[in-house]
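Chains as they are written, first to last, in this note's numbering: chain A, 1 to 313; chain B, 314 to 626.
Backbone N, C-alpha and C define an ideal beta-carbon position, used for all residues, glycine too.
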DNA sequence: TATCCTTACGGAATTCGTAAGCATG
DNA sequence: CATGCTTACGAATTCCGTAAGGATA
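This is the structure:
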């Protein structure tokens with residue numbers, strides 16, 4: 001039994017049991033993967049993968065039981081490396097943050113600025129995706145930290161911490177009728193074509209919920225994954241926009257006006273998620289602390305340690 | 314990083330950091346061990362072991378943090394093998410039971426008889442030792458199941474299940490004065506020289522505690538690790554004996570008489586312990602069930618699973 | 001027929017024991 | 001000086017990519 005065999009098994013389960021894909025993903029030849037997997041199956045005396053003829057089609061019953069343990073071993077192996085690096089080069093390393101456009105473009109900017117100043121030797125990589133992709137990236141160990149408003153809590157492999165709360169706002173072209181409204185209502189918004197986020201993104205679920213609760217069917221004419229695109233279409237006169245208020249910048253968005261709508265939509269909480277059982281470097285803990293300043297560091301650490309060490313050796 | 318490197322590291326911590334001993338324990342040459350450990354340290358970029366000149370003297374700070382993870386990886390690797398074997402050869406395998414003389418010689422006999430009939434293809438190995446040794450054997454993965462009355466709860470790596478309760482009894486040579494006593498008291502026992510268990514064994518602590526509570530200083534003239542030896546000396550007239558009542562056999566011990574003393578000493582509970590986080594074969598679970606018949610099997614399984622799977626992958 | 005897995009072959013890389021060297025207590 | 005660790009060397013083993021073969025959809 002060796003780590004490569006285990007790695008191939010895990011990767012096979014991730015690559016839909018296509019060993020050719022596994023080979024590409026781990027940069028070896030397909031024949032090598034095939035051989036190593038068979039070696040492991042021979043050593044253990046059970047077939048891990050179900051086969052139809054020569055193709056792998058899924059996990060066998062033993063395979064289903066073994067896979068979680070395989071994943072745990074590989075995670076621990078990774079943990080060993082990180083723990084060692086923490087000692088070897090305390091403030092040097094790499095932090096992979098998976099997040100959505102909105103967070104990367106607006107909310108994380110000051111946090112990252114502070115982080116960079118504090119840890120100039122840490123290479124910080126931002127990975128963008130929709131909230132589900134963001135969660136998966138961390139769930140699979142491709143990134144260390146996930147930041148998004150949606151989807152993180154639903155991922156079984158993640159622990160989450162609440163970050164900042166924010167509201168949506170309405171944006172309109174300068175001179176729009178709604179600018180003169182004293183207080184916005186959902187009924188008023190429903191009168192106009194709306195440009196807002198894609199269903200998976202940035203609190204869109206709260207927008208839909210608010211309209212649905214009043215029995216309104218808003219006329220959403222364009223959806224996009226980020227506020228920059230939305231603002232572009234609002235500016236071009238396609239309708240009024242609903243975006244995260246943090247995405248509006250009076251200086252930059254001179255043709256647009258921001259209307260308060262905190263009373264219309266439920267507040268959103270942006271969350272941070274990390275993989276259960278994963279060891280985090282010191283600078284990663286510091287990043288989490290920057291994101292959730294009200295949580296003291298010891299609390300963060302003890303929560304993570306619970307998952308890392310709770311097997312009571 | 315490979316499993317042998319990790320194995321050598323673990324073994325070094327067990328063999329008091331003597332790599333020559335490690336080499337003997339794992340059947341390779343000392344130079345190989347030395348090299349592999351250095352390889353791992355180089356790869357991780359930290360020294361795991363503290364060195365004075367060329368000798369290893371202990372773990373470094375990083376080493377202390379890494380070791381538990383190393384142990385966990387190796388335990389999981391072993392778990393993989395067992396899980397696979399469980400599927401490959403359902404009722405074939407090996408069960409290593411570590412226990413004390415008293416349990417092996419008396420209490421376990423019927424359990425093992427039933428077990429053997431149910432699993433004729435399982436090789437059952439009994440390892441004897443004192444309760445601390447028994448606990449350690451399981452703690453280190455040398456045995457699967459520990460059975461003893463003492464010490465198991467104190468071992469941090471073990472989960473324990475309560476088995477049967479039993480009492481001590483007093484044994485005397487036929488015709489002894491005490492045979493005519495209507496009801497034994499500790500004061501009466503303290504009048505005679507006593508032959509009983511070694512301090513670590515078989516509920517001896519309860520015996521001492523009972524005398525101490527009354528301020529009595531019993532005259533323990535001979536101690537032994539098992540009832541057979543004790544009975545021999547009682548028979549030879551060295552004193553009265555205090556042994557587990559299960560160890561008295563009227564037919565075999567014709568020259569001796571058993572006197573009830575359940576009211577004098579606290580009852581003992583023999584416990585069974587297994588290593589936290591270790592996967593147990595089906596027949597091992599069955600063995601536990603035979604030992605604790607009142608606990609239903611599902612309860613046992615869920616307790617063990619808690620430790621095996623509680624990292625929520 | 002295109003895709004995917006297995007297997008034989010052989011060069012390359014790794015592994016591991018022997019033996020010599022050196023440090024410690 | 002006995003014990004214990006490191007290192008150089010070289011034989012043995014293992015690894016892994018190429019390429020051919022066979023199975024599936």
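- Taking 9 Å as the cut-off, the beta carbon of residue 73 of chain A is found no closer than this to the beta carbon of residue 379 of chain B.
- For residue 324 of chain B, no Cβ of chain A is located within less than 9 Å of the residue's own Cβ.
- Taking C-alpha positions only, residue 401 of chain B is separated from residue 212 of chain A by approximately 55 Å.
- A direct Cα-Cα distance of roughly 52 Å separates residue 102 of chain A from residue 346 of chain B.
- With a cutoff of 9 Å on beta-carbon distance, residue 584 of chain B and residue 408 of chain B are scored as not near each other.
- Residue contact check for residue 396 of chain B against chain A: a CB pair falls below 9 Å.
- Residue 569 of chain B is bridged by DSSP to B:486.
- Against chain A, the beta carbon of residue 378 of chain B has neighbours under 7 Å at 83, listed in chain order.
- In the three-state reduction of the DSSP assignment, residue 419 of chain B falls in the helix class, which pools H, G and I.
- Taking a contact to require three or more Cβ pairs closer than 8 Å, the stretch 540 to 560 of chain B and the stretch 468 to 480 of chain B qualify as touching.
- Under the 10 Å beta carbon count, residue 422 of chain B is surrounded by fewer than 16 other beta carbons and is classified as exposed.
- Within the stretch 390 to 476 of chain B, the complete alpha helix (DSSP H) segments of 4 residues or longer fall at 421 to 431, 444 to 452, listed in chain order.
- As for any beta strand (DSSP E) of minimum length 3 sitting wholly inside the stretch 539 to 612 of chain B, the runs are 553 to 557, 569 to 573, 581 to 588, ordered along the chain.
- Residue range 193 to 197 is occupied by the beta strand (DSSP E) that includes residue 194 of chain A.
- Below the 8 Å Cβ cutoff, chain A contributes 3, 77, 80, 81 as neighbours of residue 314 of chain B, in chain order.
- When secondary structure is reduced to three states using DSSP, residue 371 of chain B falls in the strand class.
- Listed by position along chain B, the residues whose Cβ is nearer than 9 Å to that of residue 88 of chain A are 357, 358, 359, 375.
- When the alpha-carbon of residue 341 of chain B is set against those of B:321, B:330, B:328, the nearest one is in B:321.
- The three-state reading of DSSP puts residue 201 of chain A in coil, since its state is none of H, G, I, E or B.
- Excluding the 5 residues flanking it on each side, residue 13 of chain A has same chain C-beta neighbours closer than 7 Å at 59, 67, in chain order.
- Taken through DSSP and simplified to helix, strand or coil, residue 535 of chain B comes out as strand.
- At least one CB atom of chain B sits nearer than 9 Å to the CB of residue 69 of chain A.
- Counting along the chain, residue 49 of chain A sits inside the beta strand (DSSP E) bounded by residues 49 to 52.
- Annotation: residue 342 of chain B is outside any alpha helix (DSSP H) and is labelled neither H nor E by DSSP.
- Counting the other CB atoms within 10 Å of its CB gives residue 589 of chain B a total of 16 or more, which places it among the buried residues.
- Of the candidates B:550, B:369, B:580, the residue whose Cα lies closest to the Cα of residue 522 of chain B is B:580.
- The continuous alpha helix (DSSP H) containing residue 11 of chain A extends over residues 3 to 14.
- A direct Cα-to-Cα measurement between residue 411 of chain B and residue 618 of chain B gives close to 22 Å.
- Relative to the Cα of residue 461 of chain B, the nearest Cα in the group B:442, B:455, B:454 belongs to B:442.
- Interface annotation, residue 197 of chain A: not in contact with chain B, CB-CB separation never under 9 Å.
- Only residues of its own chain outside the window of five on either side were considered, and among them 359 have a CB closer than 6 Å to the CB of residue 375 of chain B, listed in chain order.
- Residue 242 of chain A has its alpha-carbon roughly 55 Å from the corresponding atom of residue 1 of chain A.
- If you check the CB distance, residue 17 of chain A and residue 287 of chain A do not come in under 9 Å.
- In the structure shown, residue 519 of chain B falls within a helical segment according to DSSP collapsed to helix, strand and coil.
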